[in-house]
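K.L.:
When the letters of the sequence shown are read in order and numbered with the working numbering, they come out as residues 9 to 166.
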Amino acid sequence: MVGLIDTQGARSEWTFPAEPGAVRTARHSVRDTLHAWEIAPPVCEAAVLLVSELVTNALTYASGPIGVRLAVVDLAAAPDAPSRPPADGTRVDVVTAPARALLVEVSDPLPDPPALRASGPDDEGGRGLRLVACSSRRWGTRRGKTGKTVWFELPLPG
């Protein structure tokens, strides 16, 4: 896999051969893992859809192994909202749990970053990255030593 990010918590990764069955295998691997981690069904289904799109892109444009990585990560805690002290003058501290997200990475050996493109109503392709951009909390790409990684985060409830 290309350029892994250090994370804490649950994580899993796979490498799939660049062959047509890779999309189905990646989908099943991701779904089974997220179910085992008890990830909320809407997040699970979004992750499976987006992994399917990105693995399909990797098969279309690159040759060589395709890496998929999942990790539950803690996000930087947002600053606490200012609190008004009670009338008796005692201080109340608000402690919030850090938000969590599902980080998903799909890597392939092609170093060129993917490009968002416009697709017409009758086009059969060109929507995968738009789905990622519209469905995720944030997303991006990065180059590695032997290719690139497209990553996205999906917020986890609670």
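For each residue, glycine too, the CB sits at the ideal point set by N, CA and C.
CB D116 to CB K156, shorter than 8 Å?
P.N.:
Residue numbering aside, residue 116 sits at position 108 when the sequence shown is read from its first letter. Residue numbering aside, residue 156 sits at position 148 when the sequence shown is read from its first letter. Cβ distance < 8 Å, so D116 and K156 count as in contact.
K.L.:
Just the Cα atoms here: how many angstroms apart are C142 and P28?
P.N.:
One-based indexing of the sequence shown puts residue 142 at position 134. One-based indexing of the sequence shown puts residue 28 at position 20. Each residue's Cα considered, the two are about 26 Å apart.
K.L.:
Taking the Cβ atom as the reference point for each residue, do T41 and S20 lie within a distance shorter than 8 Å?
P.N.:
Translated into positions along the sequence shown, residue 41 becomes position 33. Translated into positions along the sequence shown, residue 20 becomes position 12. Yes, they are a contact pair.
K.L.:
Please name the residue or residues paired with V163 in a DSSP beta bridge.
P.N.:
Against the sequence shown, residue 163 aligns to sequence position 155. Note that residue 163 corresponds to Pro in the displayed sequence, not to Val. According to DSSP, P163 bridges with A109.
K.L.:
Report all residues from its chain with a CB closer than 8 Å to the CB of W147; omit the five preceding and five following residues, and keep chain order.
P.N.:
As a working note, residue 147 is residue 139 in the sequence shown. Excluding positions up to five away in sequence, the list reads V140, A141, V158, W159, F160, E161.
K.L.:
Express the C-alpha separation of G134 and A26 in angstroms, rounding to a whole number.
P.N.:
Walking along the sequence shown from the start, residue 26 turns up at place 18. Walking along the sequence shown from the start, residue 134 turns up at place 126. So the alpha carbons of these two residues sit roughly 20 Å apart.
K.L.:
Tell me the DSSP secondary structure of E21 in three-state form.
P.N.:
Translated into positions along the sequence shown, residue 21 becomes position 13. Note: E21 maps to strand in three-state DSSP.
K.L.:
Let me know the secondary structure DSSP gives R151 once reduced to three states.
P.N.:
Indexing the sequence shown from 1 puts residue 151 at position 143. Strand at R151.
K.L.:
Assuming contact is defined by CB atoms lying nearer than 8 Å, are T149 and P119 in contact in what I supplied?
P.N.:
Position 141 of the sequence shown holds residue 149. Position 111 of the sequence shown holds residue 119. No, they are not a contact pair.
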